[in-house]
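There are 2 protein chains.
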Amino acid sequence: MTKMAKSSVSTIVDIANALGVSPSTVSRALKDHPYISQATKDKVKKTAAKMGYRRNTLAAGLRNRHSNTVGLIVPRISMYFQSAVITAIQNTVHSMGFNLIICQSNDSYPLEVELVNALYGSRVEGLITSCTIHTTDFSHFNIFTENQIPLVFYDRVPRNFPAQIVRGDDFQGGYKVGKYLLEKGCRDIVYINGLLTCNLYQDRLSGLKAALREARITLKKSRTFSHELTAANAEKICEKIFAKEPWPDAIFCANDTTAISVLQTARSLGLHVPRKLKIVGYSNDPRTQIISPSITSVEQFPAEVGTRAARALIESIQRKNAPRKPAEITIPVELITRESS
Amino acid sequence: MTKMAKSSVSTIVDIANALGVSPSTVSRALKDHPYISQATKDKVKKTAAKMGYRRNTLAAGLRNRHSNTVGLIVPRISMYFQSAVITAIQNTVHSMGFNLIICQSNDSYPLEVELVNALYGSRVEGLITSCTIHTTDFSHFNIFTENQIPLVFYDRVPRNFPAQIVRGDDFQGGYKVGKYLLEKGCRDIVYINGLLTCNLYQDRLSGLKAALREARITLKKSRTFSHELTAANAEKICEKIFAKEPWPDAIFCANDTTAISVLQTARSLGLHVPRKLKIVGYSNDPRTQIISPSITSVEQFPAEVGTRAARALIESIQRKNAPRKPAEITIPVELITRESS
DNA sequence: TACCTTTATGCAAACGTTTTCCTATTTTTG
DNA sequence: CAAAAATAGGAAAACGTTTGCATAAAGGTA
Numbered sequence: 013m014t015k016m017a018k019s020s021v022s023t024i025v026d027i028a029n030a031l032g033v034s035p036s037t038v039s040r041a042l043k044d045h046p047y048i049s050q051a052t053k054d055k056v057k058k059t060a061a062k063m064g065y066r067r068n069t070l071a072a073g074l075r076n077r078h079s080n081t082v083g084l085i086v087p088r089i090s091m092y093f094q095s096a097v098i099t100a101i102q103n104t105v106h107s108m109g110f111n112l113i114i115c116q117s118n119d120s121y122p123l124e125v126e127l128v129n130a131l132y133g134s135r136v137e138g139l140i141t142s143c144t145i146h147t148t149d150f151s152h153f154n155i156f157t158e159n160q161i162p163l164v165f166y167d168r169v170p171r172n173f174p175a176q177i178v179r180g181d182d183f184q185g186g187y188k189v190g191k192y193l194l195e196k197g198c199r200d201i202v203y204i205n206g207l208l209t210c211n212l213y214q215d216r217l218s219g220l221k222a223a224l225r226e227a228r229i230t231l232k233k234s235r236t237f238s239h240e241l242t243a244a245n246a247e248k249i250c251e252k253i254f255a256k257e258p259w260p261d262a263i264f265c266a267n268d269t270t271a272i273s274v275l276q277t278a279r280s281l282g283l284h285v286p287r288k289l290k291i292v293g294y295s296n297d298p299r300t301q302i303i304s305p306s307i308t309s310v311e312q313f314p315a316e317v318g319t320r321a322a323r324a325l326i327e328s329i330q331r332k333n334a335p336r337k338p339a340e341i342t343i344p345v346e347l348i349t350r351e352s353s
Numbered sequence: 013m014t015k016m017a018k019s020s021v022s023t024i025v026d027i028a029n030a031l032g033v034s035p036s037t038v039s040r041a042l043k044d045h046p047y048i049s050q051a052t053k054d055k056v057k058k059t060a061a062k063m064g065y066r067r068n069t070l071a072a073g074l075r076n077r078h079s080n081t082v083g084l085i086v087p088r089i090s091m092y093f094q095s096a097v098i099t100a101i102q103n104t105v106h107s108m109g110f111n112l113i114i115c116q117s118n119d120s121y122p123l124e125v126e127l128v129n130a131l132y133g134s135r136v137e138g139l140i141t142s143c144t145i146h147t148t149d150f151s152h153f154n155i156f157t158e159n160q161i162p163l164v165f166y167d168r169v170p171r172n173f174p175a176q177i178v179r180g181d182d183f184q185g186g187y188k189v190g191k192y193l194l195e196k197g198c199r200d201i202v203y204i205n206g207l208l209t210c211n212l213y214q215d216r217l218s219g220l221k222a223a224l225r226e227a228r229i230t231l232k233k234s235r236t237f238s239h240e241l242t243a244a245n246a247e248k249i250c251e252k253i254f255a256k257e258p259w260p261d262a263i264f265c266a267n268d269t270t271a272i273s274v275l276q277t278a279r280s281l282g283l284h285v286p287r288k289l290k291i292v293g294y295s296n297d298p299r300t301q302i303i304s305p306s307i308t309s310v311e312q313f314p315a316e317v318g319t320r321a322a323r324a325l326i327e328s329i330q331r332k333n334a335p336r337k338p339a340e341i342t343i344p345v346e347l348i349t350r351e352s353s
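Heads up: the protein sequence lines correspond to chains B and Y, in order.
Our numbering applies: residue 13 is where the first sequence begins, and numbers increase by one.
Our numbering applies: residue 13 is where the second sequence begins, and numbers increase by one.
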């Protein structure tokens, strides 16, 4: 009667005992080491399969000092842009032979800190992050840089942090929208922006201002808003805007959720879009194509962003020795014009 | 001159050496073991912080034989229902003190198999899964059941598999839609269903048929379709439907993407919705509220599904000994009527 | 035959943490 | 004051895998 294992999980040692060979032989056989005979390899693999052996990656990771795994922290999985990026990252990372752990910070700074530490604790070999809107202090990422673990930021990225950065060209996005609206004859533009703690919102604003400046128009303080970009906030802002005349001839929103909310309010006010009011969103969320009138928006090519971010990460994992050049990759954006303008 | 560590990562042993105590003391001090004096604890914690110590969860997991981590495999992160469930799962799991690894199978069966194995390999203590549409063989989950690792399925679930199951009441969903459309006077209903490999689609169909049967109406073969529920497929099906008269008075779609596509086709045919054609979707995707006419759909309460799934998992992890009773939790659904019907 | 390769395998240490037993000191109690 | 109990900490093994080094057998060469 064979001795019963404590639990049914079988290990390399179990296989070794069953076969009367050493654990090292089993280990090597399982990964086709050249110095193991074909006969032994076959034998080992067969009994491994029979015993339902699965490599314990914790143990392997501990011994090898790497886990073949990279981490990803996103603020919200459910945002269109984010989920599109995630999919691209997952596919790229996987095709390059790594596993991916996806975590959601829920836009909570403390949770982000916790997740960074947890991922470090499980010894991921690299980390991709799109930060919380509230993240202005990036020191929790220091453990990664200090230990030379590759780090890539996308979309919501820090300034002046020694890490690779992949981002849409937010300045260009704001600029293109500004130029476009001017062309369409708009002169009184409202900009509903995200929180300025996030520098991509700063850049979009700068881009917009730059375009207006070229037409010698200044964006008034009273015509820019800076809040969390939720539908509820958008409604409140609209109330304020339409409380007194003159009404603006265009509203540019830094995300599509806001643009949709603005469009709905405009509709409820009986304001014809685009005749009386032009609306432009950002991110090219599928909803902008479905709503009517469909909404002009800025395409950020999330698949491209994800692919580039993942590739940058894996490549710097693979040539660990090469000089760290924390490059910044900027993906051009494109204005998709629709009925709302 | 202190001896330089190979790399800057510091371990419990490093701290022990620095302080002239044993590793065991450090380990205990860090987790507030009662038999360590306050003075020692303070000392240890301070130098741990100073040295930038982070617990190596791989090592801890190996030693403890558990990882405090649970896995989640979803077919597509970007689907509204899925991302809502994920968020609920993440929040619940986290509030119960566990970490979550989210993986995306991309609706690929081989990838699902691979992910299951990878998660087992990293010794997750439980697994939540919503399967691929193509998953009919569930044997890759056997490692989990064989090793008594809790397993919860939601939405895309297997029949007759010894695991906990959380699902919307798909039969009821189909039934409610059927009843409702009959009430509205529809007599020639088309049902665009998902692949029948997924038994939730079987159930929705059964529910619909049951409702029709009560009105002595049978759903003709030629009026039901069963394909992957993409916008492209929906268009093709519409072409077929509207190729020859009589045209149906209602189309029920097993997801909202399809319903939207159908609505757009109807519009392009100049067919008035809801007067000439009523349309009902499934999942209550936010897009159904935005499009006009807004689309009647079935709310599945994803947050509830996620919370229940996570809770079921964690609870069965925590009372590991208790008898396994692979219960099935069914979440009622609700019909949200809108302009399209 | 003696020596050198090549091929195939085993031994044992190491990865970092936790925990079970110990031991030693201090405090309490009768 | 001696014995018991409480307090504080250490030694070492264990988790499962990998790998540098050693070894042994087989084949080849001079």
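Where a beta carbon is used, it is the ideal one built from N, C-alpha and C, also for glycine.
Computed from a prediction, not measured in an experiment: that's the story for all the values here.
Give the DSSP bridge partners of residue i, in chain order.
i: N111/Y; result: T81/Y
i: T236/B; result: Y203/B
i: E311/Y; result: E346/Y
i: L139/Y; result: G83/Y and L163/Y
i: Q176/B; result: V164/B
i: Q116/Y; result: V86/Y
i: I229/Y; result: Looking at the DSSP assignment, I229/Y forms no beta bridge with any residue, so it has no partner.
For the beta strand (DSSP E) that residue i lies in, which residues bound it at each end?
i: F165/Y; result: L163 to Y166
i: V189/B; result: Per DSSP, V189/B belongs to no beta strand (DSSP E); it is in the alpha helix (DSSP H), D182 to E195.
i: K354/B; result: Examination of residue 354/B is not possible in this model, given that chain B is present from 13 through 353 alone.
Measure the alpha-carbon distance for residue i versus residue j and round it to whole angstroms.
i: A223/Y; j: I98/B; result: 41 angstroms
i: A262/Y; j: V285/Y; result: 9 angstroms
i: S440/B; j: Y294/B; result: Within the shown structure, residues of chain B are numbered from 13 to 353, placing residue 440/B beyond reach of any answer.
i: V25/Y; j: I155/B; result: 19 angstroms
i: L74/Y; j: E316/B; result: 38 angstroms
i: H106/B; j: G180/Y; result: 32 angstroms
i: L31/Y; j: T59/Y; result: 8 angstroms
i: P298/Y; j: R199/Y; result: 28 angstroms
i: T308/B; j: S134/Y; result: 45 angstroms
i: L193/B; j: C265/B; result: 13 angstroms
i: I113/Y; j: N159/Y; result: 20 angstroms
i: I291/Y; j: H239/Y; result: 18 angstroms
i: T52/B; j: T144/B; result: 53 angstroms
i: R350/B; j: T300/B; result: 9 angstroms
i: N118/B; j: L84/B; result: 13 angstroms
i: Y132/B; j: R66/Y; result: 8 angstroms
i: Y187/Y; j: L217/Y; result: 8 angstroms
i: Y203/B; j: A175/Y; result: 52 angstroms
i: D314/B; j: N296/B; result: According to the sequence shown, residue 314/B is Pro rather than Asp. Distance between the alpha carbons of P314/B and N296/B: 10 angstroms.
Which residues bound the alpha helix (DSSP H) around residue i?
i: R262/B; result: One detail in the question is off: residue 262/B reads as Ala in this sequence, not Arg. That residue, A262/B, is in no alpha helix (DSSP H); its beta strand (DSSP E) goes A262 to C265.
i: F133/Y; result: Note on identity: in this sequence residue 133/Y is Gly, with Phe being the wrong assignment. Where G133/Y is concerned, the enclosing alpha helix (DSSP H) stretches over Y121 to G133.
i: V169/B; result: That residue, V169/B, is in no alpha helix (DSSP H); it is neither H nor E in DSSP.
i: V274/Y; result: D268 to S280
i: V215/Y; result: Note that residue 215/Y is Asp in the sequence shown here, rather than Val. Element bounds for D215/Y: N211 to E226.
i: K256/Y; result: Per DSSP, K256/Y belongs to no alpha helix (DSSP H) and is neither H nor E.
i: R299/B; result: R299 to I302
i: F354/B; result: Shown here, chain B extends from 13 to 353; a query on residue 354/B therefore has no answer.
i: L74/Y; result: T69 to N76
Let me check you understand the geometry: is the CB of residue i closer than 7 angstroms to at least one non-hydrogen atom of the ligand ATP?
i: A246/B; result: Absence of the ligand ATP is noted for the structure shown, with no ligands found whatsoever.
Alpha helix (DSSP H) runs contained entirely in the region 13-54 of chain B, provided each spans 4 or more residues: 24-31 and 35-42
Proximal residues, the region 88-112 of chain Y versus chain B, C-beta separation under 8 angstroms: R88, I89, S90, Y92, S95, A96, I98, T99, Q102, N103, H106, N111 and L112
The region 282-307 of chain Y: positions lying closer than 8 angstroms to chain B by Cβ: P298, R299, I302, I303 and S304
Contact set between the region 116-130 of chain B and chain Y, restricted to residues whose Cβ is under 8 angstroms from the partner: Q116, N118, L123, N129 and A130
Within 7 angstroms of chain B by C-beta, residues of the region 248-275 of chain Y in sequence order: I272
Chain Y contacts from the region 132-156 of chain B (Cβ-Cβ distance under 7 angstroms): Y132, G133, S134, R135 and I155
Members of the region 55-71 of chain B near chain Y, C-beta cut-off 8 angstroms: When C-beta distances to chain Y are compared with 8 angstroms, the residues of the region 55-71 of chain B below that value are G64, R66, R67, N68, T69, L70 and A71, in chain order.
Contact residues within the region 159-177 of chain B, judged by C-beta distance below 9 angstroms to chain Y: N159 and Q160
Residues of the region 208-235 of chain B with Cβ closer than 9 angstroms to any Cβ of chain Y, in chain order: none
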